[in-house]
Amino acid sequence: MEHNSIRRIRRGKRMQPTTPSRWILAPAIAASLGSVNMPVSAQDLVIEEVLVTAQKRVESAQDIPVALTVISGDMIDNIGIQSTTDLVKIAPSLTVREANHAQNSAFSIRGIGTITFGIGVEQSVAVLVDEVAAVQSGQTMAGLMDIERVEVLRGPQNTLFGKSASAGLLSITTKAPSEELESYLILTATDDDETRVAASISGPLSDSVGYRLSGNWSDRDGYIRNLTAGEKDKNGSKNKNVRGKLRWDVNESIQADFTAYYMKDETNCCARVWTEFDPDAKLFGFIPESVAEGITPGEDNQDFRADDGPQNDSTTKGANVRLNLDLGEFTLTSITAVDNWEFNVNQDVDFGDIDVLKYLTGGRESGGLYSVGWFETDFFSQEIRIASPAYDSYDYVVGLYYSDAETKRTFFRNLSLAPADFASSAGNENLGLFGQLTWRFTDSTSITGGLRWIKEEISADYENFANAEDTPFSDTASDEQVVGKLSLQHFIGEDTMAFASYTRGYKGQVFDLDVGVRNLIDPETSDSYEIGVKGNLWERRLQLNLVAFYTTYEGFQVQRAEIVDEVIKFELNNVGELNTRGVELESIALLSQNATLTFNAAYIDAVVNDYDGASCYTGQTEEQGCVNQAQTIDGGSLPYAPEWKYTAVLDYRLPLDTMPFDAFANVLYSWQDDTLLSINQNPNLTQDSYGVVNLRLGINDKSSRYSVTLFANNLLDEGYATSKLDVSRLFGNATARAQITPRSTQRYFGVEARFNF
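For the sequence shown, my numbering puts the final residue at 1222, and the numbers step up evenly by one.
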């Protein structure tokens, strides 16, 4: 067994599922599907098997009836992935909405994501780190440090993973303590003034105890200019992250893993810059001063005006304990976790630096409009499960899950005509019983069935300090659901597997706790069907995986917006029905001993079938379906769901026989189709198709002591937006549209040096 990976080459028969006993849990998986670092046998040019834990036990990714992409830690390092948002460059079915701050951002898989604001709303795409869930969306937009692998599971995953996985999940596994002393230091600098340091040290403390300590620090200047302050410093960030792990082999049957972590992010992101702005536009239709003075609106605009903000700071700290007990042939796993997340956000809400209050109050007050919000989430979870051994004809896993989360939010906006000053809290107590059984009724055919019973209790409290006549609100609600999965798989020879599956998904009900709104929103359910084939061709030098899917969602939770008293207000509601269907391809080819080509693609048709009561977009007429500020969407596209998206990675290793090092190069190209950015079908809020090229060139010491990499991200300087908004109604229906452009939309160059000790 290799220390840092589990690798097996198929030799005439498929691999049986493995009980996750102590020897399996210590190492992690270095290989990946769709990775530039797919392991290659030194003796034979073949793709080695990749092991995953997508079904709560160690199995070959090619042998399970699950649509997934696996991204190794080596790939994350080699192509320069820094955060979870970078994963969209590799997994075509995964997209991200990067909004004005992390709490308003969200992932989507196959077009399905959380496009709502609300502290009680579950995420459609769950993010788990070492099998512990992140509760709030703001926690999921995080850096990646010392990672072993990421598994992107597509389609509803509630059966084994419970809540917040109605569209899929990102399962992130961090590196475990090593059996021998090892360490590394990575130094990075870029031409857009980022400095980054990452380091890790790991090894044994005794024969039975090992440790791993990892950390990183980064400081990056902004690239958006605030003309009011005269500084180009917005959309910058400062981050620091530390994680410690301790592994104790208590005896031959018990292993304990202890993890503690701390993360702090300080960002002045994300400024909204004007792309279209009528020179005669007046805020609220009458304020004479322009919020866009000195600004040239356009897709390439990087200037804005604001008398304050944006500023967002977050702190995450937590700990978890994982126990693995060998009970004869069975393995008992217990995971206990606590987590605390704090997030503070300060936003300018009048889109400029003018004295808005002077005009709104007749001179009684002065200053601009701003909002301040504070969030805090406390989370506890406990999972206990038992995995059977892999018998000749069957294997199973059963478990119990419990979690308790409470999120508090306070919000203040200084608009005296429509003030906001409230405190709210949302609680969620979740209990789940789950089990999954696989029965191999012939040597080549098996059926897998799983069920999960979910009982959920939610609570909400709300107090409006801005309106003394508004009675404080407090309520609770509960719900029970049974979800499950049924799949059939058949091996066609030794190198090809076909499967078909049905999955029932669920996303819990929620209280809407926005300003003036305290409604209970119904849960959403989904029915998903998949057929797929996974195979190895060309003497196992070519791997092809193809999946077709069709999923229907009932009661999909969305948010509508309307302007009341010159203020944009949001309200949660349910879509009657929507569906998403498509085809996904993942492939990797070993062109030679030194060259690897990866190509992944997705075709997705995500459609809203029955959404009665959607908000109208600016300029929409009655003939276009807008009646009393509402419309019915039937056949419209879902936002952040490009019809076509693909990514290609070419990796080449060049041996230099006369030098102490070898050279390498890799290029990543990611392209996506036109994309709608608003569920109300606003034709002005779309992103045209675009492609991004990242290039890396470097050298590796033959003894793996060091490497030096030169890189260019977004080499062709392809501009695009991850979020757009149309606020023309706030300007008397004169054109006023803005966008948010994250750092990945900018071209920048850098150098990275890694030292292994």
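Backbone N, C-alpha and C define an ideal beta-carbon position, used for all residues, glycine too.
Values in this document were obtained by computation on a predicted structure and should not be read as measured data.
If you ignore the 5 residues before and after I689, its C-beta comes within less than 6 Å of the C-beta of K699, N700, A736, Q767, all in its own chain and listed in chain order.
In this structure the region 1038 to 1055 touches the region 1006 to 1017; the number of beta carbon pairs closer than 8 Å is three or more.
In the pairwise beta carbon analysis, the region 654 to 674 is classified as not touching the region 572 to 590: fewer than three pairs are separated by under 8 Å.
Between D743 and A1201 the beta-carbon gap is near 7 Å, inside 8 Å, which marks them as a contact.
Inter-segment contact for the region 582 to 594 and the region 531 to 539 is absent: fewer than three beta-carbon pairs are separated by less than 8 Å. The continuous alpha helix (DSSP H) containing V821 extends over residues 821 to 825. The alpha-carbon of S1102 is positioned some 20 Å away from that of V1092. In this model, Y967 and S890 are separated by some 36 Å (Cα to Cα). Pairing R712 with S679 gives a Cβ-Cβ distance that is not under 8 Å.
In the DSSP assignment, Q812 is bridged to S836. A direct Cα-to-Cα measurement between R905 and S911 gives close to 4 Å. Three or more Cβ pairs drawn from the region 915 to 932 and the region 943 to 955 lie within less than 8 Å of each other, which places the two stretches in contact. Taking the Cα of K1189 as reference, the smallest distance to any Cα among Q1204, G1197, L1175, A1199 is reached at Q1204. Under the DSSP assignment, N984 falls outside any beta strand (DSSP E); it carries neither an H nor an E label.
For the pair S667 and Y726, the Cα-to-Cα distance works out to about 16 Å. For R878, DSSP records a beta bridge to S836, A885. Residues of the same chain with a CB within less than 7 Å of the CB of T579, apart from the 5 flanking positions on each side, are A571, V586, Q588, S589, S602 in chain order.
For the 8 Å CB-CB criterion, G583 and V975 form a contact. Cβ neighbours of F816 within its own chain (closer than 6 Å, five residues either side excluded): V756.
Taking the Cα of E848 as reference, the smallest distance to any Cα among W839, E764, V837, V863 is reached at V863.
Annotation: T639 is outside any alpha helix (DSSP H); the continuous beta strand (DSSP E) that includes it extends over 633 to 639.
A distance below 6 Å between beta-carbons, with the five flanking residues on each side excluded, links V786 to the following residues of its chain, in chain order: F723, T801. It is roughly 36 Å from the alpha-carbon of T781 to the alpha-carbon of Q527. Between the beta-carbon of L1043 and that of N1001 there is about 36 Å, and that puts the pair past the 8 Å contact cut. In this structure, DSSP gives F1196 a helical state, which the three-state scheme calls helix. Short of 7 Å from the beta carbon of L1055, and not among the five residues preceding or following it, lie these beta carbons of its own chain, in chain order: V505, L510, I512, R1006, T1061. Residue burial annotation: V715 is exposed, with fewer than 16 other C-beta atoms found within 10 angstroms of its C-beta. Pairing I1098 with P762, the inter-Cα distance amounts to about 31 Å. Unbroken beta strand (DSSP E) runs of no fewer than 3 residues, entirely contained in the region 942 to 1020, are found at 961 to 972, 989 to 1002, following chain order. Counting the other CB atoms within 10 Å of its CB gives P1125 a total below 16, which places it among the exposed residues. Closest in C-alpha terms to D730, from the list V738, K697, N777, A963, comes N777. Here the alpha carbon of T842 sits roughly 8 Å from the alpha carbon of D804. N789: member of the beta strand (DSSP E) spanning 776 to 792, first to last residue. Counting C-beta pairs closer than 8 Å gives three or more between the region 630 to 638 and the region 605 to 619, which meets the contact rule. Taking 8 Å as the cut-off, the Cβ atoms of D818 and D745 do not count as close. The beta carbons of S853 and T913 sit no closer together than 8 Å.
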